[in-house]
Ligand code: 13P
Ligand code: SF4
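Have a look at this one:
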């Protein structure tokens with residue numbers, strides 16, 4: 652087994668990684684490639700030896716997203732594709748709740764997350780006990796839980812949703828009112844798209860809550876042709892200012908379909924780098940709000956976890972069984 656200290660940018664590594672380097676040149680400066688390439692080469696070999704796949708969320712850095720990931724996407728796509736993979740080992744290049752969702756859907760497999768501290772402010776905003784209290788307060792109202800929550804919270808829920816299917820999930824219940832947890836802004840956005848009454852919690856994404864409508868208006872003043880696309884975790888006035896609102900996958904689809912000459916993706920800013928690789932002709936304006944949790948995942952961390960097969964994601968079996976039902980109900984809706 653190669654140790655991290657033995658990795659170096661040899662002519663063989665440069666040759667083996669040249670096609671990948673070529674693809675990401677626009678977003679990874681040449682001067683950085685000798686640092687990334689030895690890890691990229693070693694990780695891609697190790698994946699084969701271990702029969703492992705790497706899942707990467709759209710917010711992962713380009714050297715992960717474009718250079719070592721096998722499956723990329725939004726939370727919904729990662730959950731769906733994770734349910735189908737045949738690999739023995741799955742590495743989640745994303746945050747802890749995503750790795751837990753993968754474990755729920757693949758209880759027999761080894762699920763690795765390179766940093767167990769890769770959390771999420773939404774997931775941290777609510778506990779299973781909070782969900783039970785909400786049920787007591789609003790008896791009979793079904794609980795829809797955003798996937799950005801712990802398995803413990805999912806276990807207390809009727810069904811999960813992502814930002815890509817939240818409205819569809821709420822409407823599938825045919826209820827007059829629904830408890831929607833924990834993202835207040837996503838809940839308010841959903842409330843605007845459906846006649847179902849939405850009871851919400853006051854959890855926020857620490858990345859998206861920082862955007863302001865004023866900031867977006869300033870960009871519009873500066874660039875009259877700018878198209879503003881926002882994630883529904885943003886505050887309501889930000890969403891009102893946007894031209895389009897959608898999950899990270901829908902934002903990317905919009906860019907691919909409409910090809911606006913100039914675009915502002917109002918979300919974690921790494922995503923613009925990843926999309927820019929596909930659409931070099933589009934001018935991306937990148938006000939930078941980074942997710943510190945997503946950024947805990949690095950090439951060095953991925954390499955280390957694949958070598959040691961640690962840290963693994965484990966969920967207490969009784970909790971997992973209940974949480975799985977909520978995730979599978981969502982996936983059964985298809986779409
Ligand atoms: P989606 O990729 O599902 O839109 O979620 C965004 C997010 O913040 C995940 O942490
Ligand atoms: Fe959580 Fe926001 Fe980071 Fe996504 S971007 S993982 S919602 S803190």
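Residue numbers (this note's numbering): 652 to 986.
We put the beta carbon where it would ideally sit given N, CA and C, even for glycine.
Since we're looking at a predicted model, the values are computed, not measured.
In this structure, DSSP gives residue 958 a helical state, which the three-state scheme calls helix.
In this structure, 957 is the residue among 667, 716, 663, 957 with its C-alpha nearest to the C-alpha of residue 740. Here the region 949-965 makes contact with the region 685-704; the two share three or more CB pairs at distances below 8 Å. For residue 820, the uninterrupted alpha helix (DSSP H) segment begins and ends at 817-823. In this structure, the straight-line span from the alpha carbon of residue 682 to that of residue 715 is close to 17 Å.
A straight line joining the alpha-carbon of residue 970 with that of residue 765 spans about 23 Å.
Taking the CA atoms as reference points, residue 795 sits about 25 Å from residue 903.
Boundaries for residue 832: no alpha helix (DSSP H) harbours it, while the beta strand (DSSP E) harbouring it runs 828-832, taken from the DSSP string. Check the Cα spacing between residue 838 and each of 666, 885, 805: the tightest is with 885. Every residue whose beta carbon comes nearer than 5 Å to a heavy atom of the ligand 13P appears here in chain order: 725, 726, 813, 814, 898, 899. Between the alpha carbons of residue 820 and residue 964 lies a distance of about 27 Å.
Secondary structure remark: continuous beta strand (DSSP E) runs of at least 3 residues inside the region 691-751, in chain order: 703-708, 722-724, 740-744. The nearest non-hydrogen atom of the ligand SF4 is 7 Å or more from the C-beta of residue 767. Look at which beta carbons fall closer than 7 Å to any heavy atom of the ligand SF4; those residues are 710, 746, 771, 772, 773, 774, 799, 856, 857, 858, 859, 884, 919, 942, 944, 945. Closest in C-alpha terms to residue 921, from the list 829, 785, 889, 899, comes 899. Apart from the 5 residues on each side of it in sequence, residue 818 sits with its Cβ closer than 8 Å to the Cβ of 841, 844, 845 in its chain, given in chain order. The closest CA to that of residue 690, considering only 672, 877, 678, 751, is found on 672. Look at residue 937 here: in three-state DSSP terms it is coil, with no helix or strand label. In the three-state scheme derived from DSSP, where H, G and I count as helix and E and B as strand, residue 679 is classed as coil. With a contact defined as Cβ atoms closer than 8 Å, residue 720 and residue 744 qualify at about 6 Å. The distance from the Cβ of residue 757 to that of residue 733 is about 6 Å, consistent with a contact at the 8 Å cut-off.
Note that the C-beta distance between residue 944 and residue 792 is not below 8 Å. The residues 766, 768, 769, in chain order, have a CB closer than 7 Å to that of residue 947 in the same chain once the five nearest residues on each side in sequence are set aside.
Nearest in C-alpha terms to residue 718, of all of 784, 728, 674, is 674. Taking 8 Å as the cut-off, the beta carbon of residue 827 is found closer than this to the beta carbon of residue 847. The continuous stretches of beta strand (DSSP E) do not include residue 802, which lies in the alpha helix (DSSP H) extending over residues 802-806. In this structure, the beta-carbon distance from residue 862 to residue 917 falls below 8 Å.
Non-local beta-carbon contacts of residue 660 in its own chain, meaning distances under 7 Å to residues more than five positions away in sequence, involve 685, 688, 689 in chain order.
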